[in-house]
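Mapping to UniProt numbering: the sequence shown position 72 is 72, numbers consecutive. First the structure, in the form of structure tokens, and then the observations on it.
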Amino acid sequence: MLKLLGAVLIILTTSWIGFQLATEFRMRPRQIQELRSSLALLKTEIDYGTRPLAEACDRIAEAAGSSLSQLFQKFSRNLRTLDGKSTYECLRLAIESEWRKTAMGKEEKGIILKLCQVLGGSNRSDQLHHLEIAAENLLMEEQKARVEQEKYEKMIKTFGILSGVLLVILMY
């Protein structure tokens, strides 16, 4: 009876680990899409709004998903509190503290950091142009992430289950 209970626990645990790892592949395209939506809101704020960047980031944080909301809140807070720091530096600090809470990768991080080098330091039309470029790059990354999701999500779930079965077979 104890052996059976142990075997079930092992299979459940490895299955859970596999499903948790697969969640990363499922969340990445969603978060990239949320980031693109957030950039569209920022583009609207820059194009039609008269708010400072910190206030615009607060509004974006309210509309964004939970992980991105924290990123934009931190960015806004940095813009307000770090006097003399550039927009790029404020965003870089926000990304350092909040990025690991997202499922996004280095590619998306690089796109956002590259975009922020222009924000606040150039004219409106140049900023809008760079926002469009960033949105296009994020769209390509989202498509890549969806391909990876289709390719690896089911495989990782299956690997979690089968590794548990293998452990049970090897132990008994």
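Just so it is clear, CB atoms sit at the ideal spot from N, CA and C, and this is done for glycine as well.
Residue i versus the options, residue with shortest Cα-Cα distance
i: Ile10; options: Gly164, Ala22, Asp47 and Tyr172; result: Gly164
i: Arg26; options: Leu41, Asn137 and Glu150; result: Glu150
i: Met140; options: Ile32, Lys114, Ile95 and Arg77; result: Ile32
i: Leu53; options: Ser37, Ala63, Arg80 and Met104; result: Arg80
i: Leu131; options: Leu162, Lys154, Ser38 and Trp99; result: Ser38
i: Leu35; options: Gln20, Gly120, Glu107 and Met155; result: Glu107
i: Leu41; options: Ala56, Gly84 and Arg30; result: Ala56
i: Thr87; options: Cys116, Phe159 and Val168; result: Cys116
i: Gly84; options: Gly120, Arg51, Trp99 and Thr102; result: Gly120
i: residue 173; options: Ile161, Ser97, Arg146 and Leu82; result: Residue 173 cannot be examined here, being either before or after the span of the chain that is shown, 1 to 172.
i: Arg100; options: Val118, Leu68, Leu82 and Lys114; result: Leu68
i: His129; options: Leu91, Met1, Lys43 and Glu98; result: Lys43
Reduced DSSP secondary structure (H/G/I, E/B, other) of residue i
i: Gln117; result: coil
i: Gly49; result: coil
i: Met104; result: coil
i: Leu167; result: helix
i: Asn137; result: helix
i: Thr172; result: The question names Thr, but residue 172 in the sequence shown is Tyr. Tyr172: coil per DSSP, three-state reduction.
i: Lys154; result: helix
i: Ala64; result: coil
i: Asn38; result: Here the sequence assigns Ser to residue 38, which means Asn is not the residue at that position. Helix.
i: residue 178; result: Lying before the first or after the last residue shown, residue 178 is absent from the chain, which here runs from 1 to 172.
i: Asp58; result: helix
i: Ile82; result: Looking at the sequence shown, residue 82 is not Ile but Leu. Residue state, collapsed to three classes: coil.
Buried versus exposed, by CB contacts within 10 Å (16 or more), residue i
i: Ser15; result: buried
i: residue 174; result: Since the first residue of the chain shown is 1 and the last is 172, residue 174 is not available in this structure.
i: Ser66; result: exposed
i: Ile112; result: buried
i: Ile60; result: buried
i: Met155; result: exposed
i: Gly110; result: exposed
i: Ala63; result: exposed
i: Glu142; result: buried
i: Gly160; result: buried
Cβ-based neighbour list, residue i, same chain, cut-off 8 Å, excluding 5 preceding and 5 following
i: Arg124; result: Ile46 and Asp47
i: Tyr172; result: Lys3 and Ala7
i: Met104; result: Arg28, Gln31, Ile32 and Leu35
Beta carbon proximity, residue i to chain B, threshold 8 Å
i: Glu45; result: Annotation note: the requested chain B is absent from the structure, which comprises a single protein chain.
Beta-carbon contacts of residue i that lie in its chain and below 7 Å, excluding the five residues immediately before and after
i: Ala94; result: Leu71, Lys74, Phe75 and Asn78
i: Lys157; result: Gly18, Phe19 and Ala22
i: Gly49; result: Ala56
Contact set for residue i: own chain, Cβ-Cβ below 6 Å, skip 5 residues either direction
i: Asn137; result: Ile111
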